[in-house]
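> Numbering (the numbering used here), first residue to last: 208 to 324. So that we are looking at the same thing, I have put the structure below in structure tokens.
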């Protein structure tokens with residue numbers, strides 16, 4: 208859970224981080240039996256947690272619940288989108304994602320926002 212605390216430091220100014228952290232914590236507890244196989248060190252823990260952050264934030268942003276209008280996010284939605292984009296950037300900076308994949312994922316998030324609502 209140290210990686211989740213590290214993410215908390217990155218996103219503490221984001222209004223949706225507490226809600227997102229709760230979902231992520233539950234997800235991590237659900238995969239607890241497999242977590243020891245996946246996590247070998249702090250580096251792999253950060254990769255796992257950042258990947259979950261992106262998945263959950265992307266799902267929430269694309270749900271349409273945070274749209275003011277179709278394709279326009281409200282304040283909470285913008286916070287979620289920022290968290291997703293920042294986590295993707297961390298994955299890219301950590302060497303877990305190539306630039307093209309990073310760019311595709313950002314475009315997918317924007318597409319989900321446009322299609323939701």
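Backbone N, C-alpha and C fix where the C-beta goes; we use that ideal spot for every residue, glycine too.
1) Kindly confirm or deny that the region 249-261 and the region 210-223 touch, where touching means at least three C-beta pairs closer than 8 angstroms.
2) Counting along the chain, where does the alpha helix (DSSP H) carrying residue 274 start and finish?
3) Is it buried or exposed for residue 238, if we count other Cβ within 10 angstroms and need 16 for buried?
4) Are the beta-carbon atoms belonging to residue 298 and residue 268 less than 7 angstroms from one another?
5) Quick check: the Cα distance between residue 223 and residue 308, rounded to an integer number of angstroms?
6) Taking only the alpha-carbon atoms, compute the straight-line gap between residue 317 and residue 290 and give it to the nearest angstrom.
7) Nearest to residue 262 by alpha carbon, out of 323, 217 and 234?
8) Put residue 279 into one of helix, strand or coil per three-state DSSP.
9) Going by alpha carbons, who is nearest to residue 230 out of 319, 273 and 266?
10) Tell me which residue opens and which closes the alpha helix (DSSP H) that residue 311 is part of.
11) Closest to residue 301 by C-alpha separation, out of 284, 285, 320 and 251, would be which residue?
12) Measuring alpha carbon to alpha carbon, tell me which residue in 216, 227, 280 and 228 is nearest residue 320.
With the given structure in hand:
1) yes
2) Careful: residue 274 lies outside any alpha helix (DSSP H), inside the beta strand (DSSP E) at 274-276.
3) exposed
4) no
5) 25 angstroms
6) 13 angstroms
7) 234
8) strand
9) 266
10) 306-322
11) 251
12) 280
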